[in-house]
Ligand code: NDP
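In my numbering, the protein residues as written are 623 to 963.
Written out as structure tokens, the structure is:
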């Protein structure tokens, strides 16, 4: 790869179940040249996120799928390397949504300038970016934990879950995390300071979770679905809130999902008799609150009250394998690809 070529990761075919490397194709194309009012971005960091699995399917959803042969979608931190736009100069650093490629043209829309002195640049994709905002907005707008209440969150070492538990504690609630494996559990308990953490791979996972929640569960921040949902659901208290943020354990199965035993009646019975609030959301619904998030979370990060961990992979060519690992829980922290210094 030289500076005269744009390296891009394209969607080669749609996956069936877990994506494979063959679903992606790497292409090299001449660098685009900015026209009047445009700028050329060099991508420094690319965010890899679970939602990208949904974009690989040709299914109706809240966002359009990536076309076959199209560039994989994704949030990025970039440097302006050529500008014919009045508001941007060469050297400016920006948050953009440029996808899995080394360079991109922009007309300046939907860019946000970043100050590298305020926080490390990669945090604009994690704790101070979309995942952190998802945690903050979903927990505080929908979960609304009161002091002393119990908040449970899975994928607790990840970008969203780690922030959910720490914000719950900042607000005076008790945070119980669920994570996969001893290392992630130790990190969640010891470094993030959750009150308890349970390994979802333990054979007696459901019993341990019940033990860790002696007063039941007031807020279940749903990131995972499947057996984790099955274990948490019976523990929900009257008037519990369930922000439904993600279902990562199901993403590879959903397109082929077969009708199974219908448990909807049992779920609805408890929604009714316990007066539960089960509320799905996509973070952009709350975008008007982003400035308030940046101010509050930025302060918590500076004070060391909101901690984060990044899993940084070097090189765009390694993005497909890293993404496939993410869908199997092999990332440890916010997964980011570093393309350039
Ligand atoms: P993470 O960095 O937490 O990575 C995903 C984690 O999910 C893995 O590390 C793994 O953690 C866990 N996981 C993966 N497969 C399974 C499985 N089969 N069973 C249980 N756990 C599994 O990702 P994010 O923090 O970025 O995202 C967390 C969730 O939030 C996802 O569901 C995502 O789709 C959702 N989301 C929703 C948004 C919205 O607007 N609604 C916006 C952003 C994210 P472990 O090894 O600990 O199990």
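From the three backbone atoms N, C-alpha and C, an ideal C-beta is built for every residue, glycine too. Computed from a prediction, not measured in an experiment: that's the story for all the values here.
query: DSSP state of residue 856 mapped onto helix, strand, coil; result: helix
query: Entirely enclosed alpha helix (DSSP H) segments - the region 803-891, minimum 4 residues; result: 804-808, 827-834 and 848-854
query: Same chain only: Cβ atoms within 8 angstroms of residue 645, ignoring 5 sequence neighbours per side; result: 633, 634, 635, 636, 637, 678 and 942
query: First and last residue of the uninterrupted beta strand (DSSP E) at residue 947; result: Careful: residue 947 lies outside any beta strand (DSSP E), inside the alpha helix (DSSP H) at 941-948.
query: Local Cβ density within 10 Å of residue 752, reported as buried at 16 or more and exposed below that; result: buried
query: Spatially closest choice to residue 798 from 764, 763 and 836, by CA coordinates; result: 836
query: Cα-Cα separation, residue 864 to residue 900; result: 5 angstroms
query: Straight-line Cα distance separating residue 745 from residue 823; result: 29 angstroms
query: Residue 711 classed as buried or exposed, judged by whether at least 16 other C-beta atoms fall within 10 angstroms; result: exposed
query: 4-residue-minimum alpha helix (DSSP H) runs that sit fully inside the region 644-709, ordered along the chain; result: 674-677
query: Beta-carbon proximity check, residue 839 vs residue 814, cutoff 8 angstroms; result: no
query: Close beta carbons around residue 810, own chain, < 6 angstroms, minus the five adjacent residues each side; result: 778, 779, 799, 801, 816 and 819
query: Reduced DSSP category for residue 763 - H, G, I as helix; E, B as strand; rest coil; result: helix
query: Cβ-based neighbour list, residue 963, same chain, cut-off 8 angstroms, excluding 5 preceding and 5 following; result: 666
query: DSSP-derived helix/strand/coil call for residue 717; result: strand
query: From 939, 934, 876 and 886, residue whose alpha carbon lies closest to that of residue 781; result: 934
query: Own chain partners of residue 956 with C-beta closer than 6 angstroms, once the 5 adjacent residues on each side are dropped; result: 748, 781 and 932
query: Residue 686 CB to nearest heavy atom of the ligand NDP below 7 angstroms; result: no
query: Pairwise C-alpha distance: residue 670 and residue 681; result: 20 angstroms
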